[in-house]
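Numbering-wise, this note's numbering puts 248 at position 49 of the sequence shown, and it's gapless, one number per residue.
A short worksheet on the structure shown next.
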Amino acid sequence: MKEKQKMKKNNLNIHVFHDQEAASAYVANKIYDLIQKNPQAVLGLATGSTPELTYQFLIEMLTESNLDLSKILTFNLDEYVGLETTHAQSYHTFMSENLFKFLPTLKSNNNNFPSAEVDYDKKISDAGGIDLQILGIGTNGHIGFNEPGSTSDSKTRIVNLDPSTIAANSRFFNSIDEVPTKAISMGLDTIFKAKKIILMAFGETKKSAIKKLMQAEKFDQDFPASILLSHPNVEIIVDEESYK
Ligand code: PGA
């Protein structure tokens, strides 16, 4: 694996890879190792462009190994409010199309998404907590849909999307007017409770967010990813483009 550089800044273990492919293979291996060691692992999963290749590599590894996934639980970070779960751009659809449908032993009842009807934080803690949380990062420093202004004690809740998030996500819709303005997201506290966190960022557009994260000294509500600074087990996985 072409890992170029490994360093520690505050609590964050940073791994710089040559490219997204090498970085995604590394993360897929981490998820695979966890599942292999713990067939009842609880995974926190993310959507978006960032984890797509990781999921592809993971599908390949899991398909080859025939591991039984029937006791694996998954909790997705977020979902739009106001889109049917069957909508092409819903995160339910994303997960189905990019991961779940390729893993026949995974039980759909075990794949959880936040919704206004359930106490998601309780459901996660009743499951024993998240063993490994996968995260992307927004250009504004959001994790999940915890936009700037999110408090460190925030739980799963309905949030208003930041105009920059709506603009960034409009690339997946026919027009910006179709992008939902609200979502339901795990809170910063929900994310922070995960036993291990891997945040990935790829490409030039994420460079300033990663730079800000590296320069942060403590939690700052205006840059929600800074919550990770005080977490005991975080890996930041970046490519050269987002780190240069
Ligand atoms: P992306 O989104 O993976 O599509 O860049 C990440 C995020 O907004 O959290």
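In this text, a Cβ means the ideal position worked out from N, Cα and C, and glycines have one as well.
query, result
"Ala424 to Ser269 span [Cα, whole Å]", "32 Å"
"Residues near Val195 by beta carbon distance below 8 Å, same chain, minus five either side", "The requested residue 195 is not part of the displayed model; the chain covers only 200 to 443."
"Three-state secondary structure assigned by DSSP to Ile329", "coil"
"Span of the alpha helix (DSSP H) around Ser223", "219 to 236"
"Three-state secondary structure assigned by DSSP to His341", "coil"
"Cβ pair Thr273, Asn310 closer than 8 Å", "yes"
"Completely contained beta strand (DSSP E) runs for the region 417 to 441, where each covers 3 or more residues", "433 to 438"
"Secondary structure of Ala382, DSSP reduced to three states", "strand"
"Assumed close pair Gly247, Ala393 - CB separation to whole angstroms, cut-off 8 Å", "About 18 Å separates the two Cβ atoms, so there is no contact after all."
"Three-state secondary structure assigned by DSSP to Phe391", "helix"
"beta-carbon Ile336 near ligand 1 non-hydrogen atom, thresh 7 Å", "yes"
"Candidates Glu440, Lys443, Leu427, of which the one nearest Leu211 by Cα", "Leu427"
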